[in-house]
Amino acid sequence: MTKDLVSLLKQSYDSVPYESHPFPQTAPEHLHALAFLFGLDAPDPATARVLEIGCSAGENIFPYAARNPQAQVVGIDLSDVQINHGKARLNEIGLANVRLQAVNIEEIGKAEQPYDYIICHGVFSWVPTSVQQAILRVCSENLSESGIAYISYNTYPGWKTKEIIRDAMLLRGAERVTPEEKLSYAMGMVDFLQQVSLDNSVLRKVLDENADHIRQGKASYLLHEFLEPCNQPMYFKDFMALAGEYGLGYLAEAEPNTMFLSNYASSIAEPLSKEVTHQEQLEQYLDFVRNRAFRQTLLVHKSQQAKIRYALDAERLQKFYVAGVFFDHQITSDTRQPKTYTDWRGGEVIPGSALEYAFMEALSKAYPATLNVDQLTAALIASGQLSTGQDARALALAFLETYVIRGHVRIRTHVASQMATVNAEAEADPATVKWQWHSGVIRHGNGWATSPWHEMVALSPLAMVLAKLLETPVSFEQLKTATSVALEKGEISLLQDGKPSHLTKDSKGPASTHYLEAALESMLKTYQRHGVLAAINASNRANEHNV
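Take 549 as the starting number for the sequence shown in the numbering used here and just add one per residue.
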């Protein structure tokens, strides 16, 4: 029966490949930083051996391999079709440190050399029990002594209600022949039930909470999430019990802000702080509090668990390089009302003092580059808000700890994205600045690139036109000339306020030139802000760094 299920899964992914792209939370640089945050010294990502189980076409591991040419990366997947797509991409981008292989995970034994990071995203819940066991066995047998394994999975209690929708979709769609028919009939069931379900019923509530998300989902996601023969959510405690059978223990979540009780209301935090005795127990309680449906859990060998510290250590905190950006989205004329900002992931931030604002401002000005504690301390001193004798470094560390706990900032153990900044002389004389793709950035023909933070960044038609030119350092004047040529050929049209501008291939004169320059400058700054483009000059080109 298991062999039949595996065959069905292979056929499913061969016929409808899963969309392959980077997942920032899986980046080994990120996993390394989280391990360090909680007291462990994981292998250096720059020279690590990395295995991705269920790699699809490899787009999650390619950017990491490009950023870290001394790393060795292996991706495996059950689907020959997806692996062949990935191999074609490898030939296209020319990465020599990646190997892809089509293989059933149950056939994998112990490798000659262990892996420092093992990534398994979007696989564990969607395979039979025997394959789940194989995943954990492979992690146990092949993870280096201080290595980190990342496994994502659907979890209860949040998926209890989603199963109602999945069961209904399977009832109408599973027996159809083609993937298109399966999805069409399944979506029709969702529409039908939302129309006829009783007001105030559990079914209506579940549909109202999930239907819009389902309707907006891409076909590949919906088919594999809701219409596969396997989707086995489990409680966190059951996942950890199974992992424990293979000698694996809990480290953290890939998004650790959910782990800290200080991020919850006192009505939640106070009772739980008295009730729970260890982090794993707390995690299961919090899943009920949050009705959690999805987890991204980091595992280590049980021998490493004695070193883990969930109380953050100041000595380790001050060794981090930190990045953050804060946007002012509050529109109010009431000066008595505290100003609200949003962080890089949409979280709300309300600075409680001018010093905290100075901390936020320093990070925002540098983003996407990182700052260390010394640089943040200098920013607090420069703000003029400190009186003589105050310990600026202690204040910077206090802000840093709070922002890490709340998830307002990104952390790395090595300097990141420094190519994204230019020095004061270059800012004063833009003619000295040259632009190019940030080191290690991988671009994709379907209109996006991967940033040094392992994120997808959509590329505009103008960016796509200039892509080849930006492979080497190029001046603003050269980019402007290339943009003018593209406009004359009708390859692009620039937008103003979301509508086609007056600037076309027939536009001439100073006004058109000014608008072209403004549009180009806006594009360059936008992609510099995302860390995809680097603005460099002669004095800082020698200081280029990868994440």
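Even for Gly, the Cβ is constructed at its ideal location relative to N, Cα and C. All values derive from a computational prediction rather than experimental measurement.
Per DSSP, reduced to three states, the secondary structure at S1008 is coil, with no helix or strand assignment. Bounds of any alpha helix (DSSP H) do not take in H1002, whose DSSP letter is neither H nor E.
Nearest in C-alpha terms to M735, of all of L1027, H761, S694, V750, is H761. R840: not part of any beta strand (DSSP E); DSSP gives it neither H nor E. For A1030, the enclosing alpha helix (DSSP H) has its first and last residue at 1024-1036. In the assembly as shown, F571 is a buried residue. Its beta-carbon has 16 or more other beta-carbons within 10 Å. Note on geometry: alpha-carbon atoms of A614 and H1002 lie some 11 Å from one another.
DSSP places W892 outside both helix and strand once states are collapsed to three, so it counts as coil.
By the Cβ criterion, the stretch 984-1001 is in contact with the stretch 1073-1081, since at least three pairs of Cβ atoms, one from each stretch, lie closer than 8 Å. Taking a C-beta distance under 8 Å as the contact criterion, I816 and V870 do not qualify as a contact pair. Secondary structure in the stretch 690-762: the beta strand (DSSP E) runs of 3 residues or longer, each lying completely within the stretch, are 691-702 in chain order. Secondary structure of V824 (DSSP, three-state): coil. Comparing C-alpha distances from Q742 to each of R724, I712, G993 shows the shortest one belongs to I712.
Between the beta-carbon of V651 and that of I624 there is about 5 Å, and that keeps the pair under the 8 Å contact cut. In the structure shown, D625 adopts extended strand secondary structure according to DSSP, grouped into three states.
Annotated as proximal: L648 and G634, with beta-carbon spacing under 8 Å. The C-alpha of E1025 is placed about 14 Å away from the C-alpha of Y1063.
Inclusion of T918 and V963 in the CB contact set at 8 Å is warranted, their separation being smaller than that value. Pairing W983 with V989, the inter-Cα distance amounts to about 13 Å. Counting C-beta pairs with one atom in each stretch, the stretch 598-610 and the stretch 662-669 have three or more that are closer than 8 Å, which means they touch. T1074 and E654 have their C-alpha atoms roughly 45 Å apart. When Cβ pairs closer than 8 Å are counted between the two stretches, the stretch 570-588 is seen not to touch the stretch 635-646, the count staying below three. Rounded to whole angstroms, the gap between the alpha carbons of D589 and T1029 is 50 Å.
Rounded to the nearest angstrom, the gap between the Cα atoms of S627 and S604 is 7 Å. According to DSSP, residue pairing for G797 in a beta bridge involves V848. For the options S678, K658, L746, R840, the alpha carbon positioned closest to that of L691 is the one of K658. In the DSSP assignment, L770 falls within the alpha helix (DSSP H) that extends over 767-774. Nearest to Q852 by C-alpha distance, out of V897, F907, L796, is L796.
Shown here for R724: same chain residues with a beta carbon closer than 7 Å to its own, the five before and five after excluded, namely K730, Y733 in chain order.
The three-state secondary structure of F868, taken from DSSP, is coil.
Each residue's CA atom was taken as its position, placing V622 and Q661 some 12 Å apart. With fewer than 16 other CB atoms across the displayed protein chains lying within 10 angstroms of its CB, G995 is exposed. Of the residues assessed, L643 falls on the buried side of the cut-off, its CB having 16 or more other CB atoms within 10 angstroms. The residue among V921, G955, L830 with its C-alpha nearest the C-alpha of A940 is V921.
Of the residues assessed, K913 falls on the exposed side of the cut-off, its CB having fewer than 16 other CB atoms within 10 angstroms. Assigned with DSSP and collapsed to three states, E803 falls in coil, not helix or strand.
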